[in-house]
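Numbering (the working numbering), first residue to last: 16 to 285.
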C-alpha cells in the first residue's frame, strides 16, 4: 500500500504474522511538514521506507509522530524515527513517560493540526486502555490502529483489554461522519458503518457463545476456547483465551456469570 488519498500515504512495515496480517500500516500525512501515525520497527529499512513516502508527498521534514497505542508493533520504531528525522513524538496523555522520549501529549476530544488539515483524538479503550483513533473530519477518514482491522477481528487482551470499554468505543464511532477507515493492519475499509456494526455484532455473538459453552459444561477459559473457537488454529488458542477472559469479566460485572477460583459458571437465570 502506498498513496491512499490526497496527502495521505502508507508504508506497511515488514512484520507480517498471525497477529499483524501483512504488517503494520504506518500512515504518512501532509505536504511540506509531515505527520506520521505509528512506527512499527526501528530498522533502517523501515525508517527509510517511511522517509521515502514522506518525500513522495513533497515533504521537507517530518514534524510529528503520533501513536495509536503502545503495543510494540505500533510504537517499536517511534524513537528511532524521532532521532533520524528530528520529529516531535506524541503519546496519549495517560501514557506520558512510557516511552521516555515523547515531546507532547494528547487526550480525547483534542485536535492536532497537520499540514493539510487537523486530526481529532478519539480515545477508544478496549484493545488497550490508552488506545486512540485519529479522525480527519474534512475527509471523513478515521485511522483506527488496532481498534478495527482490515481483516479479521481485534483481540481484547485482558486484563488491560476490556470488553465493556471496547463495545462502548465501537459505538462511540457511529456518530462520526465517515467515508473510510484506515486500519493498523489490513486493507482500507470503504464501508465504515457496516464494519463497525459487524464488529459489535461479532462481539455480542461471541458473548452468547461463551454463555452457551458454560451451559454445556465448560468451566475454564481453555475449555470455553476449545468449544467456541473451532474455526481458529490451535496455535492461536492461547491468544483467544485473553479475549474470552475479557468476555467473562464483562459477564461477571453484569452478574450473569459467577467465578470460583479459575472456574466459571452461569449465574442463576442467565
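We put the beta carbon where it would ideally sit given N, CA and C, even for glycine.
Quick caveat: nothing in here was measured; it's all calculated off a predicted structure.
Tell me the DSSP secondary structure of residue i in three-state form.
| i | result |
| --- | --- |
| residue 24 | strand |
| residue 240 | helix |
| residue 65 | helix |
| residue 170 | coil |
| residue 275 | strand |
Alpha carbon to alpha carbon, what distance is there between residue j and residue i?
| i | j | result |
| --- | --- | --- |
| residue 92 | residue 216 | 34 Å |
| residue 117 | residue 104 | 5 Å |
| residue 63 | residue 283 | 59 Å |
| residue 65 | residue 210 | 28 Å |
| residue 86 | residue 265 | 23 Å |
| residue 102 | residue 244 | 43 Å |
| residue 214 | residue 261 | 15 Å |
| residue 241 | residue 140 | 27 Å |
Since I believe residue j is in contact with residue i (beta carbons under 8 Å), could you give me their beta-carbon distance rounded to a whole number of angstroms?
| i | j | result |
| --- | --- | --- |
| residue 195 | residue 175 | So it is not a contact: roughly 28 Å between Cβ atoms. |
| residue 297 | residue 203 | Beyond the ends of the chain as shown, which are 16 and 285, falls residue 297; an answer cannot be given. |
| residue 95 | residue 24 | Wrong, their Cβ atoms sit about 19 Å apart, outside the cutoff. |
| residue 60 | residue 51 | Incorrect: roughly 16 Å between the Cβ atoms, too far for contact. |
How about the region 219-230 and the region 191-198: do they share at least three Cβ pairs that are nearer than 8 Å? Between the region 219-230 and the region 191-198 there are fewer than three inter-stretch CB-CB distances shorter than 8 Å, so the stretches are not counted as touching.
4-residue-minimum alpha helix (DSSP H) runs that sit fully inside the region 178-209, ordered along the chain: DSSP runs (the alpha helix (DSSP H)) wholly in the region 178-209: 178-188.
Within the chosen definition, does the region 163-170 reach the region 45-62 through at least 3 CB pairs nearer than 8 Å? Fewer than three Cβ pairs drawn from the region 163-170 and the region 45-62 lie within less than 8 Å of each other, which leaves the two stretches out of contact.
Using 8 Å as the Cβ pair cut-off and three pairs as the minimum, do the region 107-127 and the region 71-89 touch? Flag = yes, the region 107-127 and the region 71-89 touch.
Segments assigned beta strand (DSSP E), at least 3 residues, entirely inside the region 105-157: The beta strand (DSSP E) runs lying completely inside the region 105-157 and spanning 3 residues or more are 119-121, 126-129, 132-138 and 147-151, given in chain order.
Complete alpha helix (DSSP H) runs within the region 28-105 (minimum length 4 residues, chain order): Within the region 28-105, complete alpha helix (DSSP H) segments of at least 4 residues are found at 59-71, 87-90 and 93-100, given in chain order.
Does the region 152-163 touch the region 247-262, meaning 3 or more C-beta pairs lie closer than 8 Å? The region 247-262, when compared against the region 152-163, does not touch it at the 8 Å Cβ threshold.
Quick check: the region 270-279 against the region 225-240, are there 3 or more CB pairs under 8 Å? With a cut-off of 8 Å, the region 225-240 and the region 270-279 count as touching, because enough Cβ pairs lie within range.
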